[in-house]
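Chemist: Before I ask anything, here is the structure I am working with.
In the working numbering, the protein residues as written are 264 to 457.
Structure below.
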């Protein structure tokens, strides 16, 4: 016999006379009432909650075959990872990670566009022509070489290992940071996150 999604019972309690029990998600919840009928009574709450729970079930019950296959595949991957000693792989974690990845891709631009934005920002800040010329001399070649690459937070680690490090010299207090450090700042595009 199938269990009711929502039930009402009379209880012995000093203040309350009825208890409504219902399942929401994976847990059972209870709500207590002083009266059975009326707008604030247990019957009104029960009718309202039954409609809500049925609608929630209908909304989430229409899985396509592809969605079912994806859930099954995720379970198999989770079992494989658990057997290998990797914990914490869930469908929710995978969806969150991939959604964050898509947001980063949407926000990212190629290196040449980021370089142009950064040079324009520096020009608006009023830096000297010598600084701009030095900056463009050092970094324009790099930007053109890697023009098609996307930049964003997820690509920072790869850009830290590129071959422009020997050109750096340590910054002295009061001086501008070396161009490679400026490029790393440029690749993170912090002005977009303000």
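For each residue, glycine too, the CB sits at the ideal point set by N, CA and C.
Figure out for me which residue from 313, 268, 274 and 311 has the closest Cα to the Cα of residue 290.
Modeler: Measuring from the Cα of residue 290, the nearest candidate turns out to be 268.
Chemist: Is the beta carbon of residue 285 closer than 8 Å to that of residue 299?
Modeler: No; because the gap between Cβ atoms is not below 8 Å, this pair is not in contact.
Chemist: Can you pull the DSSP bridge partners for residue 375?
Modeler: In DSSP, residue 375 forms no bridge with anything.
Chemist: Looking at residue 365: is its Cβ nearer than 8 Å to the Cβ of residue 337?
Modeler: The answer is no: Cβ separation not under 8 Å.
Chemist: With a threshold of 8 Å, are at least 3 pairs of Cβ atoms found where one atom belongs to the segment 329–346 and the other to the segment 301–309?
Modeler: Taking 8 Å as the limit for Cβ pairs, the verdict is that the segment 301–309 does not touch the segment 329–346.
Chemist: Rounded to whole angstroms, how far is the Cβ of residue 406 from the Cβ of residue 361, which I believe are closer than 8 Å?
Modeler: With 8 Å as the limit, residue 406 and residue 361 do not qualify as a contact, their Cβ atoms being about 29 Å apart.
Chemist: Start and end of the beta strand (DSSP E) containing residue 286?
Modeler: Here the beta strand (DSSP E) through residue 286 covers 281–287.
Chemist: Run through the segment 330–378 for me and flag every whole alpha helix (DSSP H) of 4 or more residues, listed as ranges in chain order.
Modeler: Complete alpha helix (DSSP H) runs here, min 4: 354–370.
Chemist: From residue 230 to residue 347, what distance separates their C-alpha atoms?
Modeler: Nothing about residue 230 can be read from this structure; the chain reaches only from 264 to 457.
Chemist: Could you please give the first and the last residue of the uninterrupted alpha helix (DSSP H) stretch that includes residue 399?
Modeler: Taken as a continuous stretch (DSSP letters only), the alpha helix (DSSP H) holding residue 399 covers 392–408.
Chemist: Determine whether the beta carbon atoms of residue 283 and residue 275 lie at a separation below 8 Å.
Modeler: For residue 283 and residue 275, no; Cβs fall outside 8 Å.
Chemist: Just to confirm the assignment, what range does the beta strand (DSSP E) spanning residue 296 have?
Modeler: Here the beta strand (DSSP E) through residue 296 covers 290–296.
Chemist: For residue 275, name the three-state secondary structure that DSSP assigns.
Modeler: The answer is coil: DSSP assigns residue 275 none of H, G, I, E or B.
Chemist: Look up residue 327 in the DSSP assignment and say whether it is helix, strand or coil.
Modeler: It is coil, neither helix nor strand.
Chemist: Give the straight-line distance between the Cα atoms of residue 398 and residue 369, rounded to the nearest whole angstrom.
Modeler: Each residue's alpha carbon lies about 28 Å from the other.
Chemist: Per DSSP, residue 270 is paired with what?
Modeler: According to DSSP, which records beta bridges pairwise, residue 270 is partnered with 284.
Chemist: Return helix, strand or coil for residue 299, following the three-state DSSP convention.
Modeler: If DSSP states are grouped into helix, strand and coil, residue 299 belongs with coil.
Chemist: Roughly how many angstroms lie between the CA atoms of residue 310 and residue 273, to the nearest whole one?
Modeler: If I take the Cα positions, the gap works out to 17 Å.
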